[in-house]
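Written out below as structure tokens is the structure these notes cover.
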Amino acid sequence: MGSEKMIEVKIDMEEGEPLGATPNDKLVITKIQSGTISEGKLRVGDQVKKVNDVDCKDANDFFRALRYAAPLARILVNRDEKKAEELEARVHIPEDRAKIIQRREGYVYEMATLVWVQNGPKLGLGIKHFQNRVLVSRVDPGSLAEKCLVLGDHLCDVDGVPVTDKDVARDLLVKNIQEKGKVSFVVERPDSIEAKQWAKNALAANILTPPSVTMADDVRSIAAKYRQALKGLKGPEKSAMTTGGGPGGRKVSIVEETATHEIGHDHEGKALRKVK
239 MGSEKMIEVK IDMEEGEPLG ATPNDKLVIT KIQSGTISEG KLRVGDQVKK VNDVDCKDAN
299 DFFRALRYAA PLARILVNRD EKKAEELEAR VHIPEDRAKI IQRREGYVYE MATLVWVQNG
359 PKLGLGIKHF QNRVLVSRVD PGSLAEKCLV LGDHLCDVDG VPVTDKDVAR DLLVKNIQEK
419 GKVSFVVERP DSIEAKQWAK NALAANILTP PSVTMADDVR SIAAKYRQAL KGLKGPEKSA
479 MTTGGGPGGR KVSIVEETAT HEIGHDHEGK ALRKVK
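Taking the working numbering, the leading residue of the sequence shown gets 239, the next gets one more, and so forth.
See below:
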């Protein structure tokens, strides 16, 4: 079992008060919201087993038991101290890099670091882009990538540089590994059923799908008005293709034939070159 042990965590709570801890489908706590009653009590990585002696097999059991837990929730968890420390380090994202994240419901966010070791495991990572997101599309067994990345992960940045294109992300990844021997990512990981389904569909989509460029609302509005205005435009009263401006004016005709002419020059005795 190593450093794993069963711990009962006691949390005072009022009826209807949110716990502030988010479990995944295996009842492992993946996020603890700052300022909530679970902060300082539960830890990221804790696996919930019971709430007030009621067995919890899934998230529905967990939240149902919490609904009737007030005034005291006794939560039995399986805690691995070493793993908890590693996870807490991973979920701590530096402030300057956290700014680039547009957090979405159903996802968890953490840091992932790949450290290159000479003659060690291969990188074993495949990526693709889909709807302005660089997604992990391949993780080889026994590779460096397998230690901190999973299929469907969204790489928000590469060493602090935001990325939306797989080629840009790959170039940055290779450059940083060659120069520094390591590379880090801010990872957006699907956690809810809906998010995981979205990732599955994205990975199944055509791998050649280019990154899209979404116009801002004000740009779309201007473009729509311009398209509408084009429909009402009238042709010019005068055309560059007529002379005189009136109906009787001569029409300019375009002839496909090419004429050649010899031009004079002051170099007597030399052959003239034909020009078109």
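We treat Cβ as the ideally placed atom computed from N, Cα and C, and that holds for glycine.
Spanning the alpha carbons of Leu410 and Val396 requires a straight line of approximately 7 Å.
By the neighbour-count criterion, in which a residue is buried when 16 or more other Cβ atoms sit within 10 angstroms of its Cβ, Phe301 is exposed. In the structure shown, Ile431 adopts helical secondary structure according to DSSP, grouped into three states. If you draw a 10 Å sphere on the C-beta of Leu304, you find 16 or more other C-beta atoms in it, and that means buried.
According to the DSSP assignment, Lys337 belongs to no beta strand (DSSP E), since it is labelled neither H nor E. In the DSSP assignment, Gln285 falls within the beta strand (DSSP E) that extends over 285-289.
Selection Glu253, Glu495, Glu343 evaluated against Pro309 yields Glu253 as nearest (Cα-Cα). Inter-residue distance for Pro332 and Val412 is about 22 Å (C-alpha atoms, whole angstroms). The beta carbon of Val421 sits closer than 7 Å to those of Leu352, Val396, Asp397, Leu411, Asn414, Ile415, all from its chain and outside the five residues before and after it, given in chain order. For Arg376, the uninterrupted beta strand (DSSP E) segment begins and ends at 371-377. Glu246 sits in a strand when the DSSP states are folded into three classes.
For Glu348, the number of other beta carbons within 10 angstroms of its own is at least 16, and it is reported as buried. Checking the DSSP bridge columns, you'll see Pro261 partnered with Ile267. A direct Cα-to-Cα measurement between Asn316 and Glu246 gives close to 9 Å. Bridge partners of Thr351 according to DSSP: Ser422. Fewer than three beta-carbon pairs drawn from the region 362-375 and the region 336-346 are found closer than 8 Å, and the two stretches are therefore not classed as touching.
About 14 Å separates the Cβ atoms of Val377 and His392, ruling out a contact at the 8 Å cut-off. Each residue's CA atom was taken as its position, placing Glu277 and Val425 some 22 Å apart.
Taking C-beta separations shorter than 6 Å and ignoring five residues to either side along the sequence, the partners of Ile267 in its chain run Ala259, Pro261, Leu280, Val282, Asp284, following chain order.
Leu393 is bridged by DSSP to Val372, Val425.
The Cβ atoms of Asp299 and Asp263 do not sit closer than 8 Å to each other. In the displayed model, Lys366 falls within a strand according to three-state DSSP. Taking a C-beta distance under 8 Å as the contact criterion, Ile249 and Ala322 do not qualify as a contact pair.
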